[in-house]
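See below for the structure under consideration.
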Amino acid sequence: MIATNEMLYSFFSNQSILVTGGTGSIGRGIVEALLSYRPKRIVVFSKDDSKQYMMKLSYENDPIVSFCLGDIRDYESVENATVGMDMVFHTAALKQVSVCENFPYETVKTNIIGSENVIRAAIRNGVKKVVNISTDKVVNTYNALGASKLIAEKLFASANAHSANLQTRLCTIRFGNVIGSRGSVLPIFLDQVSQGKPITVTNRKMTRFFITIPEAVDRMMKAAYYCQGGETFVLKMQSFRIGELADAVCDYFGESGVRPRIQTIGLRPGEKFHEELIFDCERERVLEDDELYAVLPTEADATGTYLHFNPALIHTYRSNQGAHITKDELKSIVAQEHQKYRVRRGGGSE
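Quick note: the sequence shown uses the numbering used here, first residue 3, plus one each step.
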């Protein structure tokens, strides 16, 4: 049965939940969603004291939310943070392709060793469920970000397979570009417009999967509920062409009489032309419902039953195939995100 709000409330209520990287866009979205289910407590774990301070201001009157300053690269701080936790959402990571390409050693320490620390600490402290947040960049990757997150996925799968007699269950959630999250393409475009610069696109025909933060977080909550151990849940998403998103931004601002210019700059190191959601080797183990794909662990029987999921009917998992968002829908998203952008910048107009 598809998880209802009542089921999710029963699942999350009275639970102690740690969110690593909890001051980031996805982390904050998870915290906000969890609050509606009234867990026992939510601990936001991150290394950025400035972001923690600003986030505390939003939750200073809510006794459920507390903050823990620490670094996932430091095992001791992670182990201390997981004491008494029932569940962990692991979102902390280096997530920008260019940053990871330029600093691969730092990427390994954060995305791989940091993930290993979360796994070890969670198992040691008897955490019941650990949910790893991953990216579509792992699939057929050739950049440092994708490679590091792929190893993290395999660490979670291996830990689950080798902890069969323990109470900790681990899974991964994989998805693409989150519209409006820090460092994603649309806020970059809005920054460029606000500074009077041209919108820079690598190639107009490049495609990306996308999902909004509320949609992503809602499906993460359901995936955490469904998790039995070892699965990779993949969010179903629409896709868009970078050039069409840039056009939508230009059309939106052009209505006020100032139409930005578009500049094509070519592919950057590590960038892929199209993204993919699922490996070819995973296809035989893919099940689906209306919102999620569930890639079962390699040791599972894909012909058996798994909750309410059914065998996937369509094996189209590339961003240049399947459902593309319309130009009107893109323009509506641009308008919505611009309003949020103005609020973050103090209400000024561009």
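Glycine included, C-beta positions come from ideal geometry on N, C-alpha and C.
From the options, residue whose alpha carbon lies closest to that of residue i
i       : options                            : result
Lys-130 : Ala-35, Gly-182, Ile-19            : Ile-19
Val-21  : Thr-6, His-92, Asn-119             : His-92
Leu-294 : Thr-234, Glu-246, Arg-263, Asn-127 : Thr-234
Leu-237 : Ile-121, Val-251, Ile-213          : Ile-213
Ile-316 : Asp-292, Ser-334, Thr-328          : Asp-292
Gly-148 : Gly-256, Pro-271, Ser-334, Ile-4   : Pro-271
Ser-38  : Gln-17, Ser-196, Lys-49            : Gln-17
Asn-134 : Arg-43, Leu-192, Ile-32, Ile-66    : Ile-32
Glu-284 : Leu-269, Ala-302, Met-57, Pro-41   : Ala-302
Met-239 : Gly-185, Leu-192, Val-180, Phe-14  : Val-180
Thr-84  : Asp-64, Ile-327, Val-132           : Val-132
Lys-274 : Ala-5, Phe-13, Phe-211, Met-222    : Phe-211
Residue i in three-state terms, based on DSSP
i       : result
Glu-352 : In this predicted model, Glu-352 has a pLDDT of only 36, less than 50, meaning its place in the structure is not dependable; the value taken from the coordinates is given anyway. Glu-352 falls in the coil class under three-state DSSP.
Gln-240 : strand
Phe-158 : helix
Tyr-295 : strand
Tyr-308 : strand
Asn-179 : strand
Leu-168 : coil
Lys-131 : strand
Gln-230 : coil
His-276 : coil
Integer-rounded CB distance, given that residue j should sit under 8 Å from residue i
i       : j       : result
Cys-173 : Gly-116 : That pair is no contact at about 18 Å.
Gly-182 : Lys-342 : 6 Å
Ala-250 : Leu-332 : 4 Å
Glu-358 : Val-141 : Because the chain spans 3 through 352 in this model, residue 358 falls outside it and cannot be assessed.
Glu-339 : Leu-247 : Not a contact, Cβ separation roughly 11 Å.
Thr-143 : Leu-157 : Their Cβ separation, rounded to whole angstroms, is 16 Å, which puts Thr-143 and Leu-157 out of contact at 8 Å.
Discussion item. Closer than 8 Å is the cut-off here; do at least three beta carbon pairs connect the segment 96-106 with the segment 44-60?
Written reply: Flag = no, the segment 96-106 and the segment 44-60 do not touch.
Item to complete: Count the C-beta pairs between the segment 308-322 and the segment 262-278 that are closer than 8 Å, then say yes if the count reaches three, no if not.
Response: The count of Cβ pairs closer than 8 Å, one atom from the segment 308-322 and one from the segment 262-278, reaches three, so the stretches are in contact.
Worksheet item: Counting Cβ pairs closer than 8 Å, one from the segment 199-214 and one from the segment 248-268, do we hit at least three?
Response: Short answer: they touch.
Fill in: Complete runs of the beta strand (DSSP E) confined to the segment 66-127 [at least 3 residues]
Complete beta strand (DSSP E) runs here, min 3: 67-71, 89-92.
Worksheet item: Where in the segment 13-73 do unbroken runs of the alpha helix (DSSP H), each at least 4 residues long, occur, reported from the N-terminal end onward?
Response: Unbroken alpha helix (DSSP H) stretches of 4 residues or longer found wholly inside the segment 13-73: 27-37, 51-61, given in chain order.
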